[in-house]
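Asker: In the order they appear, the protein sequences are chains A and B.
Residue numbers in the first sequence follow the numbering used here, run continuously in steps of one, and reach 459 at the last position.
Residue numbers in the second sequence follow the numbering used here, run continuously in steps of one, and reach 1478 at the last position.
First the structure, then my questions, so here it is.
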Amino acid sequence: MPDLPHRMEARRYVVMGAGEVGRYLAQTLSLEGHSVTLIDVDEGKRVVAEEQLEVAFVHGNGSQLPALEAAGVAGCDLFVAASSSDEANLAASLLAKRVGAQRTVVRVSTAEDITEHGRIYEETFSADLMLSTQLLTTTRIVNMVLGYNTIDIEYLAQGRLQVRKTHVDPGSILQRQKLADVKLPGNGLVLAFISNERLLVPTGDDRARPGDDALIFAPAESIDELERHISGHATHIGTVVIAGGGSTAREVAKRLAPHVSQLKIIEHNRKRAEELAADHPGYQVIHGDVTDPSILVEEGIGGASYFVALTGHDETNLMACLLAQEHGARRIIALVDRSDTSTLWRKVGLLDVVSPRMVAAAQITEYIDNGFQRSIMSIEGGTARFVQRSVFPESPAAGATLAEISVPRGLIVAAILRDGIATVPRGNDQLVAGDDVILFVHQSELSTVHLVFPGPDRI
Amino acid sequence: MNVRGILFILGQLLLVLAAAELVPLFVTVPAGENAGTTGLLVGAATTAGAGLLFRRFGHADAELFRRDGVLIVVSSWLLASIAGAIPYLVSGAIAGPVDALFESASGFTTTGASILPDIEALGSGILFWRSLTQWLGGIGIIVLFVALLAEFGPGARFLFQLEVPGPRSEVLHPRVRETALALARIYGALSLALVLALLLSGLSLYDALTHTFATVSTGGFSPYTDSLGHFGRGVQVVVLIFMVLASLNFTLYFAALRDRSPRPLRDAELRTYLVLLGVASVAIFIDRFDAARIPTDLLDTAFQVVSIASTTGFATADFAHWPALAEACLIGLMVAGGCAGSTAGGAKVIRLMIGWNALSRDVRLLFAPNHVIAVTAGGKAIPNDAARAVLSFGIAFAICWGLGTVLLTIGEHSLETAASAAIAALSNVGPGLGEVGPNGNFAAFASWQKLVLVLLMWMGRLELFAVLALLQGSFWRR
Chain A
1 MPDLPHRMEA RRYVVMGAGE VGRYLAQTLS LEGHSVTLID VDEGKRVVAE
51 EQLEVAFVHG NGSQLPALEA AGVAGCDLFV AASSSDEANL AASLLAKRVG
101 AQRTVVRVST AEDITEHGRI YEETFSADLM LSTQLLTTTR IVNMVLGYNT
151 IDIEYLAQGR LQVRKTHVDP GSILQRQKLA DVKLPGNGLV LAFISNERLL
201 VPTGDDRARP GDDALIFAPA ESIDELERHI SGHATHIGTV VIAGGGSTAR
251 EVAKRLAPHV SQLKIIEHNR KRAEELAADH PGYQVIHGDV TDPSILVEEG
301 IGGASYFVAL TGHDETNLMA CLLAQEHGAR RIIALVDRSD TSTLWRKVGL
351 LDVVSPRMVA AAQITEYIDN GFQRSIMSIE GGTARFVQRS VFPESPAAGA
401 TLAEISVPRG LIVAAILRDG IATVPRGNDQ LVAGDDVILF VHQSELSTVH
451 LVFPGPDRI
Chain B
1001 MNVRGILFIL GQLLLVLAAA ELVPLFVTVP AGENAGTTGL LVGAATTAGA
1051 GLLFRRFGHA DAELFRRDGV LIVVSSWLLA SIAGAIPYLV SGAIAGPVDA
1101 LFESASGFTT TGASILPDIE ALGSGILFWR SLTQWLGGIG IIVLFVALLA
1151 EFGPGARFLF QLEVPGPRSE VLHPRVRETA LALARIYGAL SLALVLALLL
1201 SGLSLYDALT HTFATVSTGG FSPYTDSLGH FGRGVQVVVL IFMVLASLNF
1251 TLYFAALRDR SPRPLRDAEL RTYLVLLGVA SVAIFIDRFD AARIPTDLLD
1301 TAFQVVSIAS TTGFATADFA HWPALAEACL IGLMVAGGCA GSTAGGAKVI
1351 RLMIGWNALS RDVRLLFAPN HVIAVTAGGK AIPNDAARAV LSFGIAFAIC
1401 WGLGTVLLTI GEHSLETAAS AAIAALSNVG PGLGEVGPNG NFAAFASWQK
1451 LVLVLLMWMG RLELFAVLAL LQGSFWRR
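In structure tokens, the structure reads:
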């Protein structure tokens, strides 16, 4: 993380929810010398907060005004709603903004709230950043399995489009070839390279330099293909066995399913297993106890490329992972709730552990470190951003093909939304009045947007 | 059991039927067919009288429960068949009451099986009534009734489910009446399109109407003994196309019209059905290959395959004298029938798909007992109880066919005749093989066997369960 000037001055943070995310966050921020107040409904958390974490504690419901006022939300630099209840977090964010919090971060549990409805929630509940532990965890696990280097994902147009910040490996085609020579699959785009915290909108002659990240952009259904192409990890993945069939397992399975030859999910709850089998007839759903060696052996754990433990119980996950290790699973990934035990896991040889709360807390600290800019595009604070505009009949772009519109280098027509379908256009695609366009705009070109696409911002 | 509520609704229904019996007067009166006119008038009067009597003892806004619903649906089809038989009897067109009931039930259930050796002898007016019964029965008596009268409250959705064929019942519209109207509109539009197409092919209005009634309802009664062989190739092709259209799921048309897109037509059941038609056509064509008759055989084979699979039962060739493999294919198509939610009979293609997948699930569980496998159809999971109901349906269907076959062999009828007659009645196809082939008829059966056939047609049209419910002792106990 860069040592930016704003980290030096003491800030005031209010964190709602003294669970793992809240506690970890409070501790980190407090150690950096900032003033932190924790709000929690459980008075029992007071001792930990005041004595171990050195933060102020307010007993109360963070989605109600008295607690927010007592915690001094008015004028605070950041309010983080990280309790275990999505509804309380959303309501708290709205209230905190009304009372005078400068910014709010809201944690929600389900991934869909972000991928499809994120923008509506953000607007409705005045949240500056929404994050889902489930989504972050899923991204981590998919990275591990598919060999991707996704650092962050942002969802546009109700999840129909994705932009990913991904690290460019030394072996990647983006380093080996000029962008003009790289044949990108599907209808994907490389929007920018990021090196040394600087964002560069590339021309055909550019290529990624060692250590660079890239912003890649494509419709949701083809972005995985694009990322695989760039990551250079085109190796085939055989069987993936997932222990547990909860919502995180579903998200992971959904992302992995197109890329693996066989997907097995072991779930001990009969009803849940049946629901899973009904929703996804393509998965192999097995009803059984993942800590039962005979089940693992019968399902061919020895030949599995990956064993992913997502049962939601650390003890079960640990037991299952040890068994999988014993019976020869090639790689093992575990979800560990209690982040303080992760060293223990490593001691027994289970190196790939993901702690959802740590991931969430890391995302929030990164947001803070970036000067309260969403990390994906805000390198040094708003170097580039997405703008959605409507194409009006009188607009110079209406009726023209992309090649005909002379746009400067820092302005990319990334997608056209027409009749509810999002496409990434090519040079000979024509813009029609009534279309919406998603533009990727470098800061230096923000003023040109008005000339080509007059009208109000849609994002 | 809410007897008064049931009586009132059945009374209303009889009044609608009485009105329908007046329609063929437009044919009998100008043609001077006095016997026909008398028969229809007496039929209408008796039906209306019975209806008024039912209403008199019934009560309008009585609350109806599931048992009442079952009884209404099952008895409405029986009453319709009885009411529809009166014109045949009174006009003297058909002598015996059992024969008249057979012909009437065959019409309403859109079976199209006949006991008549000489069809043309009935006179154009009575034949028009015979055709009209199929059109009324094709869309469903209750559906028509709900669309016309909106007499029911929310309970009507259940009546609907009993009558609209298939294991799935999609909710087209939150209001039952709107759903009924939507189905009726599609049915009406198909009918209108076919009437126009047949008129353009050179048929008279009478021929166009009667054959439209028989085609869109997948009934199969023709006013001519030689059925569709009476007309040229062009007419046969038009009818072939509409037999296919009538045996597809009507809710797909509804969805396609609503979404203004052909996407809903990319349905798994529809595709399987079309594949089935194609495979059967090729197999039969090869089985009776004769280089000298290729063009005629192509059309005849396709026409017969579609006519049987859609459970219409029109004939352009005497398939009762085709080679054994071809006949076996036709029997298979009779069992399968058309798509759910159409006017076709049979077990329905979707049930075969679900049944097959349920079977393969159980086979897989033999060697992988811990696996949890959903029964799917077209990639979508079918709830467990729905899958189980499909298997039960299969068993019930097999039992009815088997028992029917045994009963129909009595009296020196060949097994081929008996088995094909039973499935032709149960699947509402019409003609079978052997004595009951397209050139034969059902007259040779004893009276009690004709009643067995009526029972099979009735059970087949209501897809077994509603009729079987009446056999449960607990149905009649509180």
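Every residue gets a Cβ at the ideal spot worked out from N, C-alpha and C, and that includes glycine.
Give the residues from the region 271-292 of chain A that approach chain B closer than 8 Å (Cβ to any Cβ), ordered along the chain.
Answerer: Going along the region 271-292 of chain A in chain order, one finds A273, E274, L276, A277, A278, D279, P281, Q284, V285, I286, H287, G288 with a Cβ nearer than 8 Å to chain B.
Asker: Would you kindly work out how many angstroms separate the C-alpha atoms of L1209(B) and I1006(B), rounded to a whole number?
Answerer: The alpha-carbon atoms of L1209(B) and I1006(B) are separated by roughly 34 Å.
Asker: Could one say the Cβ of I379(A) lies closer than 8 Å to chain B's Cβ atoms, at least one of them?
Answerer: Its pLDDT being 47, under 50, I379(A) is placed unreliably in this model, and the coordinates cannot settle the point.
Asker: Quick check: the Cα distance between A1398(B) and G1355(B), rounded to an integer number of angstroms?
Answerer: Distance between the alpha carbons of A1398(B) and G1355(B) is about 13 Å.
Asker: Which residues in the same chain as P1438(B) place their Cβ atom closer than 7 Å to its Cβ, once the five residues preceding and following it in sequence are excluded?
Answerer: Result list for P1438(B): S1227, A1315, D1318, F1319, A1320, P1431, in chain order.
Asker: Out of H259(A), V145(A), G410(A), E298(A), state which residue places its alpha-carbon closest to the alpha-carbon of S444(A).
Answerer: Residue G410(A) is the option with its Cα nearest to S444(A).
Asker: Alpha carbon to alpha carbon, how far is A88(A) from T104(A)?
Answerer: Approximately 13 Å, taken between the alpha carbons.
Asker: Span of the beta strand (DSSP E) holding G238(A)?
Answerer: Note, G238(A): beta strand (DSSP E), 237-243.
Asker: Please name the residue, chosen from G246(A), G302(A), V308(A), that lies closest to E275(A) on a Cα-to-Cα basis.
Answerer: The option with the nearest alpha carbon to E275(A) is G246(A).
Asker: So, helix, strand or coil for P466(A), using DSSP?
Answerer: Because chain A in this structure spans residues 1 to 459, residue 466(A) falls outside the shown range and cannot be described.
Asker: Over the uninterrupted alpha helix (DSSP H) stretch that includes H1211(B), give me the two end residues.
Answerer: Counting along the chain, the alpha helix (DSSP H) containing H1211(B) begins and ends at 1205-1216.
Asker: Answer yes or no: does any C-beta atom of chain B fall closer than 8 Å to that of I194(A)?
Answerer: So, not an interface residue.
Asker: So G1058(B) and R1004(B) are in contact, right, with Cβ under 8 Å, and what is the actual spacing, rounded?
Answerer: Contact flag correct, Cβ pair sits at about 5 Å.
Asker: Tell me where the alpha helix (DSSP H) around Y121(A) begins and ends.
Answerer: Start and end: 118-124.
Asker: Which residue wins for smallest C-alpha separation from S85(A), given the options S132(A), V99(A), Q373(A), K347(A)?
Answerer: Closest option to S85(A), Cα to Cα, is S132(A).
Asker: Contact between the region 391-402 of chain A and the region 428-443 of chain A is defined here as three or more beta-carbon pairs at a separation below 8 Å; is this criterion met?
Answerer: Yes, since at least three Cβ pairs between the region 391-402 of chain A and the region 428-443 of chain A fall closer than 8 Å, the two stretches touch.
Asker: Within the region 344-372 of chain A, note down every full alpha helix (DSSP H) run reaching 4 residues or more, in order along the chain.
Answerer: Fully enclosed alpha helix (DSSP H) runs of 4 or longer: 356-369.
Asker: So does G1402(B) have its beta carbon nearer than 7 Å to some heavy atom of the ligand FMN?
Answerer: Among the ligands in the structure shown, none appear at all, so the ligand FMN cannot be discussed.
Asker: Provide the residue(s) that pair with E154(A) in DSSP beta bridges, ordered along the chain.
Answerer: Answer is V163(A).
Asker: For a test of the three-state rule: what should DSSP assign to E380(A), helix, strand or coil?
Answerer: Unreliable placement is indicated for E380(A), whose pLDDT of 47 sits below 50; the coordinate value is still reported in the next sentence. Residue state, collapsed to three classes: coil.
Asker: Compare the beta carbon distance of L25(A) and I295(A) with 8 Å and say whether it is the shorter of the two.
Answerer: Their beta carbons are not under 8 Å apart, which means L25(A) does not touch I295(A) by this criterion.
Asker: Against chain B, with Cβ distances strictly below 8 Å, would I295(A) count as a contact?
Answerer: Interface residue, yes.
Asker: Determine the extent of the beta strand (DSSP E) in which T1376(B) is found, giving its start and end residues.
Answerer: Run containing T1376(B): 1375-1377, per the beta strand (DSSP E) assignment.
Asker: Bridge partners of V15(A), per DSSP?
Answerer: Bridge partners of V15(A): L38(A), V80(A).
Asker: Quick check on the burial criterion: 16 or more other C-beta atoms within 10 angstroms. Buried or exposed for D1118(B)?
Answerer: The residue in question, D1118(B), is exposed, as its Cβ has fewer than 16 Cβ neighbours within 10 Å.
Asker: How about the region 1336-1348 of chain B and the region 1422-1430 of chain B: do they share at least three Cβ pairs that are nearer than 8 Å?
Answerer: These segments touch.
Asker: Residues in the same chain with beta-carbon distance under 6 Å from W1135(B), minus the five sequence neighbours each way, listed in chain order, please.
Answerer: Result list for W1135(B): F1213, S1217, in chain order.
Asker: Can you give me the C-alpha to C-alpha distance between I223(A) and L191(A), rounded to a whole angstrom?
Answerer: About 13 Å.
Asker: Between the region 1260-1278 of chain B and the region 1072-1083 of chain B, do at least 3 Cβ pairs fall closer than 8 Å?
Answerer: The answer is no - the region 1072-1083 of chain B does not touch the region 1260-1278 of chain B, with fewer than three Cβ pairs under 8 Å.
Asker: Just the Cα atoms here: how many angstroms apart are L199(A) and F193(A)?
Answerer: Cα-Cα distance, rounded: 6 Å.
Asker: Name the two residues that bound the continuous beta strand (DSSP E) containing Q284(A).
Answerer: Counting along the chain, the beta strand (DSSP E) containing Q284(A) begins and ends at 284-287.
Asker: Using 8 Å as the threshold, is the region 121-128 of chain A in touch with the region 351-364 of chain A, meaning 3 or more CB pairs across them?
Answerer: Contact fails: fewer than three Cβ-Cβ distances are below 8 Å.
Asker: Is DSSP giving Q1304(B) helix, strand or coil here?
Answerer: Helix.
Asker: For the beta strand (DSSP E) containing I265(A), list its first residue and its last residue.
Answerer: Run containing I265(A): 260-267, per the beta strand (DSSP E) assignment.
Asker: Report the start-end ranges of each alpha helix (DSSP H) in the region 1206-1294 of chain B that is 4 residues or longer and not cut off at the edges.
Answerer: Counting only runs of 4 or more, we get 1233-1246, 1250-1259, 1268-1287.
Asker: Check each candidate in T37(A), L174(A), Y283(A) and name the one with the smallest Cα separation from A1381(B).
Answerer: Ranking the options by Cα distance to A1381(B), first place goes to Y283(A).
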